[in-house]
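Each remark here refers to the structure printed beneath this line.
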Amino acid sequence: MPAGKFGERWSLFALLAQISASHYRIGSRPDCLVPMPLHASRLRERGFNQSMEIAQVWQRELGVPVQPDLLQRIRDTSHQTQLDVAARARNMRRAFQASPNARGLHIVLVDDVMTSGATLHVAARTLLQAGARQVDAWVLARTL
Numbered sequence: 110m111p112a113g114k115f116g117e118r119w120s121l122f123a124l125l126a127q128i129s130a131s132h133y134r135i136g137s138r139p140d141c142l143v144p145m146p147l148h149a150s151r152l153r154e155r156g157f158n159q160s161m162e163i164a165q166v167w168q169r170e171l172g173v174p175v176q177p178d179l180l181q182r183i184r185d186t187s188h189q190t191q192l193d194v195a196a197r198a199r200n201m202r203r204a205f206q207a208s209p210n211a212r213g214l215h216i217v218l219v220d221d222v223m224t225s226g227a228t229l230h231v232a233a234r235t236l237l238q239a240g241a242r243q244v245d246a247w248v249l250a251r252t253l
């Protein structure tokens, strides 16, 4: 995953997303996929949103629409890679804002890698507070 995210080889995400798509065909069908948003400055720095790349493949493979406008990152947070679990949670406080259009929806948050779960937890809580009916998280990889 570092080669894709930090080595500007984002095509790796599309391949991994296509391979993993069949795994997510089970369970109740979500209303939409919401890629984990990047702050505008991080998007400029990286040049792409890896979660959006994954979500677009899953949209094609699963027929579930991508709705990136339901969640925005409103605070430019520090990189999580060097932070411990408690610091990751503190770093994410008030990082997101959800659209009122999330009300009543079953949303799947899409991310590339889940480490502590702090980012996904705060994003899901933000969507639930905006009235989402259910929020699930689908990721390509999970670190220990």
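Residue numbers (my numbering): 110 to 253.
Quick reminder that beta carbons are idealized off the backbone N, C-alpha and C, glycines included.
- Take the alpha-carbon of His-148 and the one of Ala-233: they are about 17 angstroms apart.
- Looking at Arg-251, Asn-158 and Asn-210, the one whose alpha-carbon comes closest to that of Ser-150 is Asn-158.
- Fully contained in the segment 213-252 are the following alpha helix (DSSP H) runs of length 4 or more, in chain order: 227-238.
- For Leu-180, the pairing in a beta bridge is given by DSSP as Ala-207.
- The three-state secondary structure of Val-143, taken from DSSP, is strand.
- By the C-beta density criterion, Arg-182 is buried, having at least 16 other C-beta atoms within 10 angstroms.
- Leu-236 and Leu-180 do touch by the CB rule: their CB atoms are close to 6 angstroms apart, below 8 angstroms.
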